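So the structure is just underneath, and the comments pick up after that.
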Amino acid sequence: MSQKPTSFACDRCRAGKRKCDAARPACSLCSRQNRECVYTEQRPRKRKYWDEDYVRALEAQVQSLLLALEKQQGSEKEPSPALTLSPHASHPAEDEALQDDELDDAAGIADAISKEGNAVQLGGSHGDQSTPDKAAAQGQERSQRAMEELCVMLWRTNVGDGVTIIDDPDTGSRYALEPNHQPAPAPHVNPPESVLAYCQQEGLIHEMANTFLQNINKDHQFTRYTNTNFLHGYPYQAPEEAFLHSAMIAAGTAFSLRPDAMRIGDAFAQFAESLVFTCCRHNPTVKVIQGLSMMSWRSLALGRDHFGWMFISMAAGMCVHLRLHVLVLDECSARQLEASEQDIRTFWMFYIIDRTAISILGRNCALPWRRVNVPSFDTTFESSTADLSQISFAWQCKLWYLHDQYMDQVFSITFESLPIPQQVRILVASQDALNAFFRSRDNRLHLTGDSTPKPVIMFHLAYQMTILITMPPFLRIFATIAQQSSSGSSAASNSNAPIQNSEFMLLVLRSLTAAATATCRLVRTYRRALGFETPANPVIIHHLLSAAIVHLMNATSRTPALRHQSTYWLRQCLELLRELQAGWPLRAGKSITIIRVLAHRWGVMRALPVEFSYQIEPTAPGAEREYPVSSQAAEQDQVQLEYEWEGYGGAAAEAQAVDLGALDMNSFATLGTLDVPGLGGERAGPLGGVDYMQAFQGLANCEDFSWLSGNGNAM
Numbered sequence: 015m016s017q018k019p020t021s022f023a024c025d026r027c028r029a030g031k032r033k034c035d036a037a038r039p040a041c042s043l044c045s046r047q048n049r050e051c052v053y054t055e056q057r058p059r060k061r062k063y064w065d066e067d068y069v070r071a072l073e074a075q076v077q078s079l080l081l082a083l084e085k086q087q088g089s090e091k092e093p094s095p096a097l098t099l100s101p102h103a104s105h106p107a108e109d110e111a112l113q114d115d116e117l118d119d120a121a122g123i124a125d126a127i128s129k130e131g132n133a134v135q136l137g138g139s140h141g142d143q144s145t146p147d148k149a150a151a152q153g154q155e156r157s158q159r160a161m162e163e164l165c166v167m168l169w170r171t172n173v174g175d176g177v178t179i180i181d182d183p184d185t186g187s188r189y190a191l192e193p194n195h196q197p198a199p200a201p202h203v204n205p206p207e208s209v210l211a212y213c214q215q216e217g218l219i220h221e222m223a224n225t226f227l228q229n230i231n232k233d234h235q236f237t238r239y240t241n242t243n244f245l246h247g248y249p250y251q252a253p254e255e256a257f258l259h260s261a262m263i264a265a266g267t268a269f270s271l272r273p274d275a276m277r278i279g280d281a282f283a284q285f286a287e288s289l290v291f292t293c294c295r296h297n298p299t300v301k302v303i304q305g306l307s308m309m310s311w312r313s314l315a316l317g318r319d320h321f322g323w324m325f326i327s328m329a330a331g332m333c334v335h336l337r338l339h340v341l342v343l344d345e346c347s348a349r350q351l352e353a354s355e356q357d358i359r360t361f362w363m364f365y366i367i368d369r370t371a372i373s374i375l376g377r378n379c380a381l382p383w384r385r386v387n388v389p390s391f392d393t394t395f396e397s398s399t400a401d402l403s404q405i406s407f408a409w410q411c412k413l414w415y416l417h418d419q420y421m422d423q424v425f426s427i428t429f430e431s432l433p434i435p436q437q438v439r440i441l442v443a444s445q446d447a448l449n450a451f452f453r454s455r456d457n458r459l460h461l462t463g464d465s466t467p468k469p470v471i472m473f474h475l476a477y478q479m480t481i482l483i484t485m486p487p488f489l490r491i492f493a494t495i496a497q498q499s500s501s502g503s504s505a506a507s508n509s510n511a512p513i514q515n516s517e518f519m520l521l522v523l524r525s526l527t528a529a530a531t532a533t534c535r536l537v538r539t540y541r542r543a544l545g546f547e548t549p550a551n552p553v554i555i556h557h558l559l560s561a562a563i564v565h566l567m568n569a570t571s572r573t574p575a576l577r578h579q580s581t582y583w584l585r586q587c588l589e590l591l592r593e594l595q596a597g598w599p600l601r602a603g604k605s606i607t608i609i610r611v612l613a614h615r616w617g618v619m620r621a622l623p624v625e626f627s628y629q630i631e632p633t634a635p636g637a638e639r640e641y642p643v644s645s646q647a648a649e650q651d652q653v654q655l656e657y658e659w660e661g662y663g664g665a666a667a668e669a670q671a672v673d674l675g676a677l678d679m680n681s682f683a684t685l686g687t688l689d690v691p692g693l694g695g696e697r698a699g700p701l702g703g704v705d706y707m708q709a710f711q712g713l714a715n716c717e718d719f720s721w722l723s724g725n726g727n728a729m
């Protein structure tokens, strides 16, 4: 039996074609002849397997390059036909292995392409002349309709409802995916005894429904109802109608002056809550979204924040299911939607409630603006004959949509990692956009003194609120830079960076102060024009809270003049909140408590009215650590309190308004300011001798501005 041959031989044996025993370090022949024995390692010739997708991609790429080359050269000869898969790729894996040198050789692929050229038959006879474009089109020809519908069916769950296209719009044919069952009978509505008892009281539910229509429906455009005819047959109506009408009655009780209004509202709210899942299961419609938005609004107004967030989140899910957020999405013919007026109005009604909720709660919006593709609200009415409430609401929708576009960048997880100049550019762009928007507003939205209509005041309050939300994150940026520059190297003192930072810091502080002051003035105008006898829109409470916190921050300034002005406006906010507390005790009470806790934390209890100047005791274990205040700050607080009110005569009511327009800020000269003469009874006299750069300097040296912005907690 012969010996098994070696896998390789040394170089000398290989050259002489002699048999080598492959001994190491020298073979037997080289050892006997006393020669150098050298082995040259050879790369094993492994067998590779074809990857069908890879081969197809290479063939398509080469074909495309050949077609492009022929087109460029203007050749009239027969174009290279489309390729078919090489015969190697059609064999089983063990039979389609090739030598690696054949795959690595590009010339071999080119030869294979030329040999496979006759695999595709072109239309017509062999003598027909076909252009490269025609060949490419035939090689890639697919049904246009099939491609369109495939694109819609896949990867659309983020903007659509993900339903597969199975209907034929040309023939009107419809196909069911679910097995055929007998339609379930309409669920029977069983009102509780308390609701039946209230319905039997003459005029009660009509009174509450009228209260809803007169006080809140126009502000938020919940429904198109103008009278109470919809109550015919209530509560024995279809589940979605009974749910909507119960939510309206429950929301209307919040404005009622009856002593038992809260109990009545809770009864109808509980009835609505018992119907919501029945409606979602059997007949989800826009009426369900309207009812959920009303329930969210009522919960937020009454201070039941967790319920408010739950209802608005359910409404967002229903909007996505009904595809209200993509009413003008350009899709294929089988998925085209015709946006109805009711659908458009319902979506924007939800959108405003959602933005109100995130402003109050400081959370992410339930439906991001990037997924919104809906006609604007003003397409649902004729502007020349529209009600002022519709005009105001339409412009508020535009305002919050514009605001979202910039705040989405500010509250993204990558914002803090951006270079400071880029963050500043976002600041400038956002304020320029807000200014341009405000200047372009409808002429009917101008202030007219004490006769200013409620919709106009609500629009201006919303505009000031966008500034109060936009500015704090940038104040945090510049405050951090100021801290770093004050404790940084001496090289920073030789540059203009600290000066520029101070200017931006002044810009932000001035804008915040102007917006906070304008908010307080607008609410006072609301009180003079409409009064608080009937509870005002509770969103005003949040506007006042935001303004009061800004004035409270300014009260920490080292400049007596600014402290005096901030104290005056802070007390004005607290006075208004105290009046609003009669109609909204829990929501207003929470706001006052927040102001008092922050005043204690920042060491400015002197700025509060006497009845609020005592410390609030923590109610939770360890809460003392949440609101620390040093004894030194407390002593200084008392000294400054005595000094300030002795120096100014102790009469806050005699304070005059700060002339914020005197500041030299060309790009933002009108940001947050008001047409003060348009607000009757307002004092606009300047406070002389206030150096705002120096006045705000103490604020730039604060140790911690984290309270101003919780990145990722909103929008």
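According to the working numbering, the sequence shown is numbered sequentially starting from 15.
By construction, the Cβ of each residue, glycine as well, lies at the ideal position given by its N, Cα and C atoms.
Every value quoted in this text rests on a predicted model; they were computed, and no experiment measured them.
Problem - Sequence-distant residues of the same chain with beta carbon closer than 8 angstroms to I555, five excluded per side - result: In the sequence shown, the residue the question calls residue 555 occupies position 541. Result list for I555: L591, L594, W598, R601, A602, S605, in chain order.
Handout entry: Neighbourhood of A261 by C-beta distance below 7 angstroms, restricted to the same chain and skipping five residues each side
Key = Position 247 of the sequence shown, counting from 1, holds the residue named residue 261. Excluding residues within five positions, the ones whose Cβ falls inside 7 angstroms are A286, G305, M308, M309.
Practice task
Find the nearest neighbour of E14 within the set R615, P469, F425, A621, judged by alpha-carbon distance.
Solution key: Residue 14 lies beyond the range of the chain shown here (15 to 729); nothing can be said about it.
Practice task
Determine, using beta carbons only, whether S426 and V470 come nearer to each other than 8 angstroms.
Solution key: The sequence position of residue 426 within the sequence shown is 412, counting from 1. The sequence position of residue 470 within the sequence shown is 456, counting from 1. No, they are not a contact pair.
Practice task
Tell me whether M679 sits in a helix, a strand or coil according to DSSP, three-state version.
Solution key: Within the sequence shown, residue 679 is the residue found at index 665, counting from 1. Confidence in M679 is poor, its pLDDT being 40 and thus under 50, which makes the residue's placement unreliable; the coordinate value appears in the next sentence. Three-state DSSP puts M679 in coil, outside helix and strand.
Exercise for the section: Taking L413 and A476 to be in contact with their CB atoms under 8 angstroms, please state how far apart those CB atoms are, rounded to whole angstroms. Expected result: Taking the sequence shown and counting its residues from 1, the one referred to as residue 413 is at position 399. Taking the sequence shown and counting its residues from 1, the one referred to as residue 476 is at position 462. Their Cβ separation, rounded to whole angstroms, is 6 angstroms, which keeps L413 and A476 in contact under 8 angstroms.
Problem - Exposure of P205, with buried meaning 16 or more beta-carbon neighbours within 10 Å - result: Sequence index remark: in the sequence shown, residue 205 carries index 191 (1-based). P205 comes out buried.
Practice task
Could you check what DSSP says for T533 in three-state terms: helix, strand or coil?
Solution key: Numbered from its first residue, the sequence shown carries residue 533 at position 519. Helix, per DSSP.
Practice task
Please report how far the alpha carbon of A755 lies from the alpha carbon of A443, in whole angstroms.
Solution key: The question about residue 755 has no answer, for the chain in this structure spans 15 to 729.
Handout entry: CA-to-CA distance, Q586 to Q629, given in whole angstroms
Key = Your numbering for residue 629 matches position 615 in the sequence shown. Your numbering for residue 586 matches position 572 in the sequence shown. The alpha-carbon atoms of Q629 and Q586 are separated by roughly 20 angstroms.
Handout entry: Contiguous alpha helix (DSSP H) assignments of at least 4 residues, all confined to the stretch 259-323
Key = 275-296, 300-315
Problem - Per-residue burial, R49 [other beta carbons within 10 Å of its own, 16 or more giving buried] - result: Taking the sequence shown and counting its residues from 1, one reaches residue 49 at position 35. So R49 ends up on the exposed side.
Practice task
Count the CB pairs spanning the stretch 374-389 and the stretch 322-339 that are closer than 8 angstroms, and state whether there are at least three.
Solution key: yes
Handout entry: Meets three-Cβ-pair contact criterion under 8 angstroms: the stretch 206-225 and the stretch 237-245
Key = yes
Exercise for the section: Leaving aside the five residues before and after G703 along the sequence, list all residues of the same chain whose C-beta is less than 6 angstroms from its C-beta, in chain order. Expected result: As a first step, residue 703 must be located in the sequence shown, where it is residue number 689. Residue confidence is low: G703 scores 38 on pLDDT, short of 50, so the model does not pin down where it sits. No coordinate-derived value is stated.
Exercise for the section: In the DSSP assignment, find the alpha helix (DSSP H) that holds G545 and state where it starts and stops. Expected result: Position 531 of the sequence shown, counting from 1, holds the residue named residue 545. It is not in any alpha helix (DSSP H) - G545 carries neither H nor E in the DSSP assignment.
Practice task
In angstroms with no decimal places, state the Cα-to-Cα distance between F391 and R577.
Solution key: In the sequence shown, the residue the question calls residue 391 occupies position 377. In the sequence shown, the residue the question calls residue 577 occupies position 563. Cα to Cα, the separation comes out at about 43 angstroms.
Handout entry: Helix, strand or coil at D65 according to DSSP, with G and I counted as helix
Key = Here residue 65 refers to the residue found at position 51 of the sequence shown. DSSP places D65 in coil when its eight states are reduced to three.
Exercise for the section: Answer with buried or exposed for G30, where buried requires no fewer than 16 other C-beta atoms within 10 angstroms of its C-beta. Expected result: Mapped onto the sequence shown, residue 30 falls at position 16. G30 comes out exposed.
Problem - C-alpha distance - S373 paired with D446, whole-angstrom precision - result: Residue 373 sits at position 359 when you count from the first residue of the sequence shown. Residue 446 sits at position 432 when you count from the first residue of the sequence shown. About 22 angstroms.
Handout entry: Coil, strand or helix - G122 by DSSP
Key = Locating residue 122 in the sequence shown gives position 108, where the first residue counts as 1. Interpretation of G122 is limited by its pLDDT of 49, a score under 50 that renders its predicted location unreliable; no figure is taken from the coordinates.
Handout entry: Reference P574, options V618, T531, A613, closest by Cα
Key = Here residue 574 is taken as the residue at index 560 of the sequence shown, counted from 1. For the residues V618, T531, A613, the minimum Cα distance to P574 belongs to V618.
Exercise for the section: Give the single residue among Q579, A550, A596 whose Cα lies nearest to the Cα of V564. Expected result: Here residue 564 corresponds to residue number 550 of the sequence shown, with the count starting at 1. Here the closest residue by C-alpha is Q579.
Practice task
Use the C-beta contact count for T548: other C-beta atoms within 10 angstroms, 16 or more gives buried, fewer gives exposed.
Solution key: In the sequence shown, counting from the first residue as 1, residue 548 sits at position 534. So T548 ends up on the exposed side.
Exercise for the section: Give every residue of the same chain whose Cβ lies closer than 8 angstroms to the Cβ of L735, excluding the five residues on either side of it in the sequence, and list them in chain order. Expected result: The structure shown does not extend to residue 735, since the chain spans only 15 to 729, so no value can be given for it.
Practice task
Measure from the alpha carbon of A408 to the alpha carbon of each residue in V438, D418, I440, L459, then state which is nearest.
Solution key: Sequence index remark: in the sequence shown, residue 408 carries index 394 (1-based). Nearest of V438, D418, I440, L459 to A408, Cα basis: L459.
Practice task
Rounded to whole angstroms, what's the CA-CA distance from A82 to R385? Just pull it up for me.
Solution key: Residue mapping note: residue 82 aligns to position 68 of the sequence shown, counting from 1. Residue mapping note: residue 385 aligns to position 371 of the sequence shown, counting from 1. Computed Cα separation, rounded: 39 angstroms.
Practice task
Look at Q410 and I366 and say whether their C-beta atoms are less than 8 angstroms apart.
Solution key: Your numbering for residue 410 matches position 396 in the sequence shown. Your numbering for residue 366 matches position 352 in the sequence shown. A contact, by the Cβ cut-off of 8 angstroms.
Practice task
Sort P39, E216, R538 by Cα distance to L558 and report the nearest one.
Solution key: Against the sequence shown, residue 558 aligns to sequence position 544. Nearest of P39, E216, R538 to L558, Cα basis: R538.
Practice task
Please determine, among T531, Y582, P552, A550, the residue with the shortest C-alpha to C-alpha distance to A561.
Solution key: Here residue 561 is taken as the residue at index 547 of the sequence shown, counted from 1. Cα-wise, what sits closest to A561 is T531.
Practice task
Would you kindly check if the distance between the Cβ of A621 and the Cβ of T581 is under 8 angstroms?
Solution key: Here residue 581 refers to the residue found at position 567 of the sequence shown. Here residue 621 refers to the residue found at position 607 of the sequence shown. The answer is yes: Cβ separation under 8 angstroms.
Problem - Anticipated Cβ contact below 8 angstroms, A283 with R312, distance rounded - result: Numbered from 1 along the sequence shown, position 269 holds the residue referred to as residue 283. Numbered from 1 along the sequence shown, position 298 holds the residue referred to as residue 312. Right, their Cβ atoms sit about 7 angstroms apart.
Exercise for the section: With a threshold of 16 other CB atoms inside 10 Å of the CB of Y250, please say whether the residue is buried or exposed. Expected result: Taking the sequence shown and counting its residues from 1, one reaches residue 250 at position 236. The residue in question, Y250, is exposed, as its Cβ has fewer than 16 Cβ neighbours within 10 Å.
Handout entry: Beta-carbon gap between R273 and P201 smaller than 8 angstroms
Key = Residue mapping note: residue 273 aligns to position 259 of the sequence shown, counting from 1. Residue mapping note: residue 201 aligns to position 187 of the sequence shown, counting from 1. According to the sequence shown, residue 273 is Pro rather than Arg. It is not a contact, given that the beta carbons lie outside the stated cut-off.
Problem - Segment limits, alpha helix (DSSP H) that includes M421 - result: Counted from its first residue, the sequence shown places residue 421 at position 407. Run containing M421: 402-424, per the alpha helix (DSSP H) assignment.
Handout entry: Integer Cβ distance of C213 from Y248, believed to fall under 8 angstroms
Key = On the sequence shown, residue 213 is found 199 positions in, with the first residue counted as 1. On the sequence shown, residue 248 is found 234 positions in, with the first residue counted as 1. That pair is a contact at about 7 angstroms.
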